[in-house]
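K.L.:
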Amino acid sequence: KDEDRRQNQEFTRRVDEMVQELKRLIRERANDYAHQMDEGKERERRMVGDMEALEAENKEIVRALKDEHGEEEALCREISALQVKQREVLEGANQMSGMVARLEMEIERKQKAADEKKRVLEAQAAKNRPELDFFENKMGLAIVAGESKDSLTFVFTLISLSEPLRPFSITVDLSQSDYRVIACKPEIKDVESHVEWLNMSRDIFGFIKRIRKDFVDMYFESA
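Residue numbers 25 to 247, in our numbering, belong to the letters of the sequence shown in order.
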């Protein structure tokens, strides 16, 4: 019972860690977005100030040149140069507005993806709690953190009759929307077909059952 309780607590702690990590990522992305928005507003404010300064300079030049007869050509050149500069400033402002809009859309997309992944994880944990208890208590399954922070290792025991504690393990990468097997010991010949099935069904416990069955079949074929 103590071991069961410890395993349950460990699993709950890992799920909590995953949820906290998702929350941290969301906060970081929100902070990045706020920082980038502040920078964008500051750049826009500076551009508006530059445009106002250019407009004032333009008016001042026009007044000065009008007072000097015979310099119409120089006046036209100065005005043309200022107009070009104004267009460049306006183009820069438009480009900045487009970048801000694209950034907002990207942050919103990533936020939705993070929320969906969190929802799926929480729903999957609640749905599969009874099956997890069965696998841990009756079939010798242990779920441990993989070598990378976005991976889990499923360790099976109670397969070998002569060595019930002999481990059979598979490590799954969870960093992308599609799962990927990083390691499998001993190696299962057709493991990729199980991964394809998992990515289509999103049924992690169905995947665990299929992998354990292959480990059992492999053991008895080699016995």
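We put the beta carbon where it would ideally sit given N, CA and C, even for glycine.
Three or more C-beta pairs closer than 8 Å, one from the segment 67-78 and one from the segment 117-133: is that the case here?
P.N.:
Yes, the segment 67-78 is in contact with the segment 117-133.
K.L.:
Could you pull out every residue in the same chain whose Cβ sits closer than 7 Å to the Cβ of Lys-47, ignoring the five residues on either side in sequence?
P.N.:
Position 23 of the sequence shown, counting from 1, holds the residue named residue 47. Leaving aside the five residues that flank Lys-47 on each side, none in its chain has a CB nearer than 7 Å to its CB.
K.L.:
Considering Cα atoms alone, identify which of Gln-110, Arg-38, Ile-131 is closest to Ala-80.
P.N.:
Taking the sequence shown and counting its residues from 1, the one referred to as residue 80 is at position 56. Selected option, being the one with the closest Cα: Gln-110.
K.L.:
Can you tell me whether Arg-236 is buried or exposed? The criterion is at least 16 other CB atoms within 10 Å of its CB, across all chains shown.
P.N.:
Taking the first residue of the sequence shown as position 1, residue 236 is located at position 212. Buried is the call here.
K.L.:
Can Phe-231 and Val-219 be called in contact, C-beta distance under 9 Å?
P.N.:
The residue labelled residue 231 in the question sits at position 207 within the sequence shown. The residue labelled residue 219 in the question sits at position 195 within the sequence shown. It is a contact, given that the beta carbons lie within the stated cut-off.
K.L.:
Within 9 Å of any Cβ in chain B, is that where the Cβ of Phe-35 sits?
P.N.:
No chain B is present in this structure, which holds just one protein chain.
K.L.:
For the alpha helix (DSSP H) holding Leu-189, just list the boundary residues, first then last.
P.N.:
Counting from one through the sequence shown, the residue named residue 189 turns up at place 165. Neither: Leu-189 is in no alpha helix (DSSP H) and is coded neither H nor E.
K.L.:
On the DSSP bridge assignment, give the partners of Lys-209 in chain order.
P.N.:
On the sequence shown, position 185 is the one that residue 209 refers to. Lys-209 pairs with Ser-193.
K.L.:
Just list the beta strand (DSSP E) runs in the segment 83-134, keeping only unbroken ones of 3 residues or longer that don't cross its boundaries, in chain order.
P.N.:
none
K.L.:
For Cys-208, tell me which candidate among Phe-180, Glu-45, Asp-202, Ala-137 has the shortest Cα-Cα distance.
P.N.:
Taking the sequence shown and counting its residues from 1, the one referred to as residue 208 is at position 184. Cα-wise, what sits closest to Cys-208 is Phe-180.
K.L.:
Since Ser-175 and Val-144 should fall inside the 8 Å C-beta cutoff, what is the C-beta to C-beta distance between them, to a whole number of angstroms?
P.N.:
Indexing the sequence shown from 1 puts residue 175 at position 151. Indexing the sequence shown from 1 puts residue 144 at position 120. With a Cβ gap of about 17 Å, Ser-175 and Val-144 do not count as contacting.
K.L.:
Helix, strand or coil for Arg-51 per DSSP?
P.N.:
To locate residue 51, count along the sequence shown from 1; it is residue 27. Reduced to three states, the DSSP call for Arg-51 is helix.
K.L.:
Closer than 6 Å by C-beta to Ala-169: which residues in its own chain qualify, once you throw out the five before and the five after it? Chain order, please.
P.N.:
Residue mapping note: residue 169 aligns to position 145 of the sequence shown, counting from 1. No residues qualify anywhere along the chain.
K.L.:
State the Cα-Cα distance for the pair Glu-45 and Glu-76, rounded to the nearest angstrom.
P.N.:
In the sequence shown, counting from the first residue as 1, residue 45 sits at position 21. In the sequence shown, counting from the first residue as 1, residue 76 sits at position 52. Approximately 46 Å, taken between the alpha carbons.
K.L.:
Determine the closest residue to Arg-190 out of Gly-164, Ile-228, Gln-200, Leu-49, with distance taken between C-alpha atoms.
P.N.:
Sequence index remark: in the sequence shown, residue 190 carries index 166 (1-based). The shortest C-alpha to C-alpha distance from Arg-190 to any of Gly-164, Ile-228, Gln-200, Leu-49 is the one to Gly-164.
K.L.:
Would you call Asp-28 buried or exposed, if buried means 16 or more other Cβ atoms sit within 10 Å of its Cβ?
P.N.:
Within the sequence shown, residue 28 is the residue found at index 4, counting from 1. Exposed: under 16 other Cβ atoms inside 10 Å.
K.L.:
Since Ser-246 is in the alpha helix (DSSP H), which residue starts that stretch and which ends it?
P.N.:
Translated into the one-based positions of the sequence shown, residue 246 becomes position 222. Note, Ser-246: alpha helix (DSSP H), 228-246.
K.L.:
Looking at the structure shown, is Leu-176 part of a helix, part of a strand, or coil, going by DSSP?
P.N.:
Numbered from its first residue, the sequence shown carries residue 176 at position 152. Residue state, collapsed to three classes: strand.
K.L.:
By alpha-carbon positions, which one of Met-61, Ser-201, Ala-88, Glu-171 ends up nearest to Met-129?
P.N.:
Translated into the one-based positions of the sequence shown, residue 129 becomes position 105. For Met-129, the nearest C-alpha among the options comes from Met-61.
K.L.:
If you run the structure through DSSP and keep just helix, strand and coil, what is Leu-78?
P.N.:
Within the sequence shown, residue 78 is the residue found at index 54, counting from 1. Helix, per DSSP.
K.L.:
Taking the continuous alpha helix (DSSP H) assigned at Leu-222, which residues delimit it?
P.N.:
Along the sequence shown, read from residue 1 onward, the residue named residue 222 stands at position 198. Here the alpha helix (DSSP H) through Leu-222 covers 215-225.
K.L.:
Does the beta-carbon of Leu-156 have 16 or more other beta-carbons within 10 angstroms, so that it is buried, or is it exposed?
P.N.:
Along the sequence shown, one-based indexing puts residue 156 at 132. Under this definition Leu-156 is a buried residue.
K.L.:
At which residues does the beta strand (DSSP E) containing Leu-288 begin and terminate?
P.N.:
Shown here, the chain extends from 25 to 247; a query on residue 288 therefore has no answer.
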